[in-house]
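Numbering (the working numbering), first residue to last: 14 to 315. The structure under discussion appears below in the form of structure tokens.
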Amino acid sequence: MRLLLLFVGLTTLGGLSGCAQSETVSGGGAFGGVGGDGGPGGGSGGALGGAGGAGGAVGGAGGATGGAAGMAGAGGGGTGGGGTGGGGTGGGGTGGSSACTPPVAGGQCDTSPQCGCTGGQACNVTSEAGTTQCTPAGAVTPYNLCANLNDCTAGHACVGSACKAYCESNTDCAATGGACFQVSFTSGGTSKPIPGMKVCSKKCELQNPASACGSGLTCYPDMQAVPPKTDCGKAGTSTAAGACLTDTTACAPGYACLSNGDCKKWCRVQFTGDCGTGKTCQGWASPNEVIVDGITYGICSP
């Protein structure tokens, strides 16, 4: 197959366009309208929990019970545990602290895991510098269509027009079957990482995006990832020739955008039945193969 597949950007923060692997958001002043209805809400009241009290230490040699149990920290601080000693009475130990640490200095809260905000609020990145604020939590559930930062439930960011979970490492993305990607900001053709902002991609089926992605979204391949991954992103409605020539997100869910602007149906080369009567699944030649999770994908032809 001589036509190339156009790999569309998967990330949008608050409805701004971007790309994959190092997930990218674009546009000058992209964070200026965060919230969609007047900007970020929520104050800093009770944002940071107090430090936990002193926990019990491990006692000395012998068999008695250790030091004093920790007292509850104010405003969400952790409870220090009573230590079990050896012989004799253990002295007062140092308890754990549940202080909420923002990913970037100057932030109000932490995105993963969520902390530092009151009920009904979510911690979100609100600037290209990576600073965070407590904003009103939205109602859009993970990997469903969103347009603004405040659309998503707590713990999720609107990236690539889909609500995606904040993360710190790949282990945080086990539930999605994806990977933890750095989000970058693009302005004036220059891309730079947003400090402390990462989101989970979502494992999905290119030919059947509805199995994992919500309405209005499709499943895209990210061939830059190692190994290649898939993710949910904005979809269009077209299945026609030339429809995606100027907008690579114009194709309907389950359709790929080719370099000539045609929208063609995704299919699995190893499977029969994806394309219907009179059509075959045609894959790309090396080095342009689309292979994800051991499945070779192509498009239905003619």
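Built from N, CA and C at the ideal position, the CB exists for glycine as well.
Contact under 8 Å by Cβ, residue i with residue j
{"i": "Thr345", "j": "Ala248", "result": "In the structure as shown, the chain begins at 14 and stops at 315. Residue 345 is therefore absent and cannot be evaluated."}
{"i": "Asp244", "j": "Gly173", "result": "yes"}
{"i": "Cys122", "j": "Gly129", "result": "yes"}
{"i": "Cys294", "j": "Asp287", "result": "yes"}
{"i": "Ser251", "j": "Ala263", "result": "yes"}
{"i": "Gln220", "j": "Gly267", "result": "yes"}
{"i": "Ala188", "j": "Ser214", "result": "no"}
{"i": "Thr124", "j": "Thr145", "result": "yes"}
{"i": "Pro155", "j": "Ala135", "result": "no"}
{"i": "Lys278", "j": "Pro315", "result": "no"}
N-terminal and C-terminal residue of the beta strand (DSSP E) that residue i is part of
{"i": "Lys277", "result": "Cys276 to Arg281"}
{"i": "Ala269", "result": "Tyr268 to Cys270"}
{"i": "Gln195", "result": "Cys193 to Ser200"}
{"i": "Gly296", "result": "Thr293 to Gly296"}
{"i": "Cys313", "result": "Ile308 to Ser314"}
{"i": "Gly246", "result": "Lys242 to Lys247"}
{"i": "Pro300", "result": "Run containing Pro300: none; DSSP gives neither H nor E here."}
{"i": "Cys390", "result": "Summary: the structure shown does not reach residue 390, with the chain confined to residues 14 through 315, and so no result is reported for it."}
{"i": "Cys176", "result": "Ala175 to Ala178"}
Rounded separation between residue i and residue j - CA only
{"i": "Ala225", "j": "Ala298", "result": "28 Å"}
{"i": "Cys147", "j": "Cys186", "result": "23 Å"}
{"i": "Val138", "j": "Tyr233", "result": "24 Å"}
{"i": "Ala118", "j": "Leu258", "result": "42 Å"}
{"i": "Asn163", "j": "Pro208", "result": "20 Å"}
{"i": "Asp306", "j": "Lys242", "result": "8 Å"}
{"i": "Pro222", "j": "Gly274", "result": "21 Å"}
{"i": "Cys313", "j": "Thr290", "result": "11 Å"}
{"i": "Pro116", "j": "Gly143", "result": "8 Å"}
{"i": "Thr285", "j": "Thr309", "result": "13 Å"}
{"i": "Ala112", "j": "Ala170", "result": "23 Å"}
{"i": "Asn183", "j": "Cys165", "result": "21 Å"}
{"i": "Gly227", "j": "Pro300", "result": "31 Å"}
{"i": "Pro206", "j": "Cys180", "result": "15 Å"}
{"i": "Val153", "j": "Gly202", "result": "31 Å"}
{"i": "Gly120", "j": "Ser140", "result": "10 Å"}
DSSP state of residue i mapped onto helix, strand, coil
{"i": "Asp164", "result": "helix"}
{"i": "Cys130", "result": "coil"}
{"i": "Pro208", "result": "strand"}
{"i": "Asn137", "result": "strand"}
{"i": "Ala322", "result": "No information on residue 322 is available, as it lies outside the stretch 14 to 315 that the chain covers here."}
{"i": "Ala254", "result": "coil"}
{"i": "Asp235", "result": "strand"}
{"i": "Asp123", "result": "strand"}
{"i": "Thr184", "result": "helix"}
Near the ligand MG: residue i beta-carbon under 7 Å from a heavy atom
{"i": "Ala187", "result": "Within the structure as shown, the ligand MG is missing, as the structure has no ligands at all."}
Cβ-Cβ separation, residue j to residue i (assumed contact under 8 Å), whole Å
{"i": "Val303", "j": "Met236", "result": "7 Å"}
{"i": "Gly246", "j": "Ala175", "result": "6 Å"}
{"i": "Gln195", "j": "Lys216", "result": "With a Cβ gap of about 19 Å, Gln195 and Lys216 do not count as contacting."}
{"i": "Cys280", "j": "Gly311", "result": "6 Å"}
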